[in-house]
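Protein chains in written order, with my numbering: chain S, 24 to 134; chain F, -11 to 101.
Just so you know, even glycine gets a beta-carbon here, dropped at the ideal spot from N, CA and C.
Take a look at the structure below.
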């Protein structure tokens, strides 16, 4: 699996958009970008994933640069419940590739 | 759907005792994963199953750890004998595919004294 680099921590004001960056400069052509988050004392929760196109669902948007070496997870209107550790993971979507979690970004939403 | 169900939620045991953690995956999910989380090492994948068959157990720390999946609706992770350094939160997750859409359980917090 390609390695990812994320900031250790970030703050965002409640109601504003939270933009979480992730660098994955060694990503391979067949590797997807996945985002999970873990709210305190809970199991991780799947958010979104993508290959090369931008993706959006009810939780967030994922913007992947054209060279695929970095991506940004966007929470459009952050709430206090979005305070969590956010994990960016890259992995191929076939064979025995499984998800390996790094240290993530601790996002704190400020009231 | 009740989600992934783990039991017990908390377990406190004495060093040397056998510990069994249990997991019921979501019906229809072919993959089951066991993770361990500590402050020092973060989330570590211990083992995963596909259609009840262990596929990758390279993350199992040592022979004291074993995992089974006797059928599609039940899995166990056993530690025998337990040691204080095994204290952690153990998560079970299930999925339809090998690497996205994992649904995690609430975890079992294990304390070995």
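In the structure shown, residue 67 of chain S adopts coil according to DSSP, grouped into three states. Within the stretch 67 to 82 of chain F, the residues whose Cβ lies closer than 9 Å to any Cβ of chain S are, in chain order, 77, 79, 80 and 81.
Annotation for residue 56 of chain S: the continuous beta strand (DSSP E) segment containing it runs 54 to 61.
Per DSSP, the unbroken beta strand (DSSP E) holding residue 25 of chain F starts and ends at 19 to 26. At least one CB atom of chain F sits nearer than 9 Å to the CB of residue 110 of chain S. The Cβ atoms of residue 47 of chain S and residue 94 of chain S sit closer than 9 Å to each other.
With a threshold of 9 Å between beta carbons, residue 4 of chain F makes no contact with chain S. Using a CB distance cut-off of 9 Å, residue 92 of chain S does not count as an interface residue toward chain F. Boundaries of the beta strand (DSSP E) harbouring residue 129 of chain S: 128 to 133, taken from the DSSP string.
Taking C-beta separations shorter than 6 Å and ignoring five residues to either side along the sequence, the partners of residue 37 of chain F in its chain run 20 and 57, following chain order. Boundaries of the beta strand (DSSP E) around residue 37 of chain F: 30 to 38. The C-alpha of residue 49 of chain S is placed about 24 Å away from the C-alpha of residue 33 of chain S. When C-beta distances to chain S are compared with 7 Å, the residues of the stretch 25 to 59 of chain F below that value are 30, 31, 33, 36, 43 and 44, in chain order. In the structure shown, the three-state DSSP call for residue 52 of chain F is coil.
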